[in-house]
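Beneath this line is the structure, given in structure tokens, with notes to follow.
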Amino acid sequence: MSNYQEIHQQSLNDPEKFWGEAATGIDWITPPTKVLDNDAKPVPRWFAGAELNTCYNCLDRHVENGRGDQNALIYDSPVTGTIKHYTYSELTDKVAKFAGALAAKGVGKGDRVIVYMPMIPEAAIAMLACARIGAIHSVVFGGFAANELATRIDDSQPKAIVSASCGIEPSGVIKYKPLLDKAMDIAKHKVECCIVKARPEQEATLQAGRDYDWEEVSANAEPADCVTVSATDPLYILYTSGTTGQPKGVIRDNGGHAVALNWSMKNIYNVEAGDVYWAASDVGWVVGHSYIVYGPLLKGCTTVMYEGKPVGTPDAGAFWRVIEAHNVKILFTAPTAFRAIKKQDPDANELKKYDISCLQSLFLAGERCDPDTLFWARDTLKIPVVDHWWQTETGWAIAANPMGIEPLEVKPGSPTVAMPGFDVQVLSADGTEMADGEMGDLAIKLPLAPGCLPTLWGNDQRFIDAYLTEHEGYYTTGDAGFKDADGYLWIMSRTDDVINVAGHRLSTGAIEEALSGHKDVAECAVFGVKCGFKGQLPLGLVVLKDGVEREYAELHSELILRVRQQIGPVAAFKMVAITKRLPKTRSGKILRGSMAKIADGDEWVMPATIDNPMIMDEISDTLNGMGYPLDEK
Numbered sequence: 001m002s003n004y005q006e007i008h009q010q011s012l013n014d015p016e017k018f019w020g021e022a023a024t025g026i027d028w029i030t031p032p033t034k035v036l037d038n039d040a041k042p043v044p045r046w047f048a049g050a051e052l053n054t055c056y057n058c059l060d061r062h063v064e065n066g067r068g069d070q071n072a073l074i075y076d077s078p079v080t081g082t083i084k085h086y087t088y089s090e091l092t093d094k095v096a097k098f099a100g101a102l103a104a105k106g107v108g109k110g111d112r113v114i115v116y117m118p119m120i121p122e123a124a125i126a127m128l129a130c131a132r133i134g135a136i137h138s139v140v141f142g143g144f145a146a147n148e149l150a151t152r153i154d155d156s157q158p159k160a161i162v163s164a165s166c167g168i169e170p171s172g173v174i175k176y177k178p179l180l181d182k183a184m185d186i187a188k189h190k191v192e193c194c195i196v197k198a199r200p201e202q203e204a205t206l207q208a209g210r211d212y213d214w215e216e217v218s219a220n221a222e223p224a225d226c227v228t229v230s231a232t233d234p235l236y237i238l239y240t241s242g243t244t245g246q247p248k249g250v251i252r253d254n255g256g257h258a259v260a261l262n263w264s265m266k267n268i269y270n271v272e273a274g275d276v277y278w279a280a281s282d283v284g285w286v287v288g289h290s291y292i293v294y295g296p297l298l299k300g301c302t303t304v305m306y307e308g309k310p311v312g313t314p315d316a317g318a319f320w321r322v323i324e325a326h327n328v329k330i331l332f333t334a335p336t337a338f339r340a341i342k343k344q345d346p347d348a349n350e351l352k353k354y355d356i357s358c359l360q361s362l363f364l365a366g367e368r369c370d371p372d373t374l375f376w377a378r379d380t381l382k383i384p385v386v387d388h389w390w391q392t393e394t395g396w397a398i399a400a401n402p403m404g405i406e407p408l409e410v411k412p413g414s415p416t417v418a419m420p421g422f423d424v425q426v427l428s429a430d431g432t433e434m435a436d437g438e439m440g441d442l443a444i445k446l447p448l449a450p451g452c453l454p455t456l457w458g459n460d461q462r463f464i465d466a467y468l469t470e471h472e473g474y475y476t477t478g479d480a481g482f483k484d485a486d487g488y489l490w491i492m493s494r495t496d497d498v499i500n501v502a503g504h505r506l507s508t509g510a511i512e513e514a515l516s517g518h519k520d521v522a523e524c525a526v527f528g529v530k531c532g533f534k535g536q537l538p539l540g541l542v543v544l545k546d547g548v549e550r551e552y553a554e555l556h557s558e559l560i561l562r563v564r565q566q567i568g569p570v571a572a573f574k575m576v577a578i579t580k581r582l583p584k585t586r587s588g589k590i591l592r593g594s595m596a597k598i599a600d601g602d603e604w605v606m607p608a609t610i611d612n613p614m615i616m617d618e619i620s621d622t623l624n625g626m627g628y629p630l631d632e633k
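Numbering (UniProt numbering), first residue to last: 1 to 633.
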């Protein structure tokens with residue numbers, strides 16, 4: 001079938017047939033006989049009883065099928081001036097050796113291994129080595145604070161930790177080992193083994209009897225064979241921030257994950273084996289798991305691992321250099337990366353230095369893509385620009401434009417349509433389905449598609465409470481939006497970011513869309529602040545494009561007028577300030593909730609995932625200058 005509507009409908013009407021056929025793209029040790037187990041708890045499970053090895057599917061089978069000399073991974077590091085190529089044969093050998101090193105230290109099937117590393121090939125090697133021997137990896141973003149790392153150690157109770165001596169940022173070298181040592185001191189669970197990759201930029205002190213050098217243990221190891229695991233066995237745990245402060249350990253299983261990601265490479269991204277695919281993310285995030293490591297390698301593509309930034313390493317032409325140098329067909333990154341490029345080089349002068357005719361499509365995800373950024377990227381690159389919507393919990397796109405099935409019309413501001421396996425509904429608070437165009441809670445009817453989380457690590461009840469309780473029979477996404485008459489989804493904001501102005505539910509995303517369309521605005525954030533009269537009022541912070549200087553009063557009037565014209569007077573939008581930069585997580589999400597707490601004078605804690613804590617002081621000064629928090633007297 002070549003028609004999206006037919007394919008999506010079949011996936012909902014007969015999911016066992018649909019995903020059973022998709023499963024033929026994976027090499028199984030014990031093929032699936034039961035595609036969907038509807039009786040499993042807390043949610044239905046995929047491919048119960050089947051057996052496979054994810055590492056074998058990513059590496060060995062491609063070598064056996066004649067792709068051994070093809071590049072599997074290209075490491076491009078402008079911060080160190082290094083480019084390395086690893087063929088499928090070379091990567092398989094390195095993974096087998098490191099898997100053997102882990103096994104020699106007592107790591108086996110079902111054991112957990114924390115990977116605390118920068119964007120270097122050894123991070124991917126460690127992940128695949130765990131998958132090879134049936135161990136469960138849990139990647140924690142390199143440089144994460146010691147106390148946050150300690151909570152993840154106590155929750156997952158790893159047998160071993162794999163790390164590096166340092167990470168390298170444009171601002172300088174980040175020493176990892178002192179952070180790791182402190183975390184292991186804080187944690188109640190005591191880790192038996194720590195393997196450290198020494199980098200030339202920073203030495204690391206190794207504790208005798210616990211810490212080992214990566215090169216030494218790898219050199220002396222016997223290569224490990226692939227271990228058979230069940231399709232429902234965990235492949236990895238990935239922690240996502242919890243509202244209670246205790247992180248939630250999202251589980252990804254082996255079977256559904258391999259089937260879904262392999263299917264997505266052709267059908268969503270339109271890539272084949274041998275194509276070069278670049279997800280400009282970090283292995284610490286779900287995008288890095290799915291589309292730096294597993295997805296491209298499952299398909300037999302060449303994946304790019306980039307240790308750098310969209311700007312500053314060395315300039316706003318960094319992405320264009322990588323695309324030309326490595327013949328990249330698909331780029332996947334966050335909208336914030338393109339906002340950074342647009343801010344520094346609004347006329348895309350750096351692009352003129354490179355030939356990126358190899359680039360077929362740009363995919364954006366991580367947070368809602370405002371139409372202005374989409375228009376700029378599309379007009380600049382002259383290729384399709386696809387916003388798509390997914391979560392750490394789902395592991396791949398809930399909604400996208402299926403470029404490998406049937407490229408659909410792009411509606412700026414929408415991630416297009418629900419992908420096969422996802423029955424997305426827009427529900428009111430009482431569970432009633434909303435009419436087209438009306439905003440409500442976005443929920444996914446069970447069963448979830450393969451590749452989505454089956455539960456949280458060691459905590460079924462928390463999984464049920466967080467995701468399955470609000471709307472019975474549905475997974476609650478925590479996002480708010482609507483569906484239009486063509487079935488396109490519009491994800492307007494997190495449900496936490498929907499503000500109530502005098503009884504009117506307003507999306508902060510819609511107001512941001514109006515602000516970001518102004519010719520002088522590079523990016524912006526809108527959040528609700530307390531108002532004794534109207535309940536909440538929207539407050540906006542804008543960052544101007546580089547080189548733009550404006551009189552505040554004049555710009556203020558123009559922005560207020562834009563919101564009034566595009567949203568209406570009901571938005572009651574009157575408060576806006578200029579700031580140099582916005583606080584974000586390392587994955588590019590803007591920390592609206594934290595800013596709202598500062599504005600309201602509520603207690604708040606520095607988010608563990610923040611990219612630059614100093615920005616919160618700047619935001620606090622900006623809000624204080626506006627008169628926030630309000631004097632209740």
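Think of the CB as a built atom: it goes at the ideal place given N, C-alpha and C, for glycine as much as any other residue.
Item	Value
Checking 8 Å against the spacing of the C-beta atoms, do Val304 and Asp484 come in under that value?	no
Over what stretch of residues does the alpha helix (DSSP H) that includes Cys130 continue unbroken?	Pro121 to Ile133
Nearest-angstrom Cα distance between Leu20 and Ala397?	Correcting the residue type first, residue 20 is Gly in the shown sequence and not Leu. Cα to Cα, Gly20 sits roughly 19 Å from Ala397.
On a CA-only basis, which of Lys248, Leu235, Ala40 and Val95 is nearest Thr151? Give me that one, please.	Lys248
Among the residues of its own chain, which have a CB less than 6 Å from the CB of Ala96, if the five just before and after it don't count?	Pro223 and Ala224
Within the same chain, show all residues whose beta-carbon is closer than 6 Å to that of Leu541, passing over the 5 residues directly before and after it, in chain order.	Ala525, Ala577 and Thr579
Have a look at Pro415, Ile323, Lys343 and Asp185 and flag the residue whose alpha-carbon is nearest the alpha-carbon of Ala365.	Pro415
Would DSSP call Tyr291 helix, strand or coil?	helix
Mapping the DSSP letters down to three states, classify Leu515 as helix, strand or coil.	helix
Between the alpha carbons of Thr380 and Gly588, how many angstroms are there, rounded?	21 Å
If we ignore side chains and look at the alpha-carbon of each, how far apart do Ile136 and Asp181 end up?	22 Å
CB-CB under 6 Å to His8, same chain, minus the five flanking residues each way: which ones, in chain order?	Pro420
Span of the beta strand (DSSP E) holding Val115?	Arg112 to Tyr116
Please confirm whether Ala596 has its beta-carbon closer than 8 Å to some beta-carbon of chain D.	Checking the listed chains, one finds no chain D in this structure; it contains a single protein chain.
Helix, strand or coil for Thr333 per DSSP?	strand
Among the residues of its own chain, which have a CB less than 8 Å from the CB of Gly436, if the five just before and after it don't count?	First, the residue type needs correcting, since residue 436 is Asp and not Gly in the sequence shown. Cβ within range, chain order: Phe482, Lys483, Asp484 and Ala485.
Can at least three beta-carbon pairs, one atom from the stretch 348-366 and one from the stretch 330-339, be found at a separation below 8 Å?	yes
Taking C-alpha atoms, which residue in Cys193, Glu148 and Leu12 lies nearest to Ala160?	Cys193
Roughly how many angstroms lie between the CA atoms of Val79 and Ala348, to the nearest whole one?	22 Å
Are there 16 or more other CB atoms within 10 angstroms of the CB of Ile590, so buried, or fewer, so exposed?	buried
Have a look at Ala231, Leu238 and His326 and flag the residue whose alpha-carbon is nearest the alpha-carbon of Val259.	Ala231
Report yes if the CB atom of Ala400 is closer than 8 Å to the CB atom of Ile292, and no otherwise.	no
To the nearest angstrom, report how far apart Thr243 and Gly284 are at their CA atoms.	At Thr243 the pLDDT is 46, less than 50, meaning the model places this residue with poor confidence; the figure from the coordinates comes in the next sentence. Using only the alpha carbons, I get a separation of about 20 Å.
What are the boundary residues of the beta strand (DSSP E) that Val563 is part of?	No beta strand (DSSP E) holds Val563; the alpha helix (DSSP H) holding it covers Tyr552 to Gln566.
Let's test the definition: count the other Cβ atoms within 10 Å of the Cβ of Gln391 and tell me whether it reaches 16, buried, or not, exposed.	buried
In chain order, what residues of the same chain lie with their CB nearer than 8 Å to the CB of Ile464, ignoring the 5 residues before and after it?	Pro42
Taking just the CA atoms, how far does Pro44 sit from Leu448?	8 Å
Between Thr609, Ala596, Gly517 and Leu539, which has its C-alpha nearest Gln565's C-alpha?	Gly517
With DSSP as the reference, label Glu156 as helix, strand or coil.	The sequence shown places Ser at residue 156, not Glu. Three-state result, Ser156: helix.
State yes or no: is the C-beta of Val271 within less than 8 Å of the C-beta of Lys299?	yes
CA-CA distance, Leu555 and Val548?	11 Å
Confirm, please, whether the CB-CB distance from Val173 to Val115 is below 8 Å.	no
Going by C-alpha to C-alpha distance, which of Asp621, Gly209, Thr240 and Ala23 sits closest to Trp457?	Thr240
Within 8 Å, do at least three Cβ pairs link the stretch 124-139 to the stretch 83-102?	yes
Once you ignore the five residues that flank Lys188 on each side, which residues in its own chain have a CB closer than 7 Å to its CB?	Asp154
Where do the ends of the beta strand (DSSP E) carrying Ser414 lie?	That residue, Ser414, is in no beta strand (DSSP E); it is neither H nor E in DSSP.
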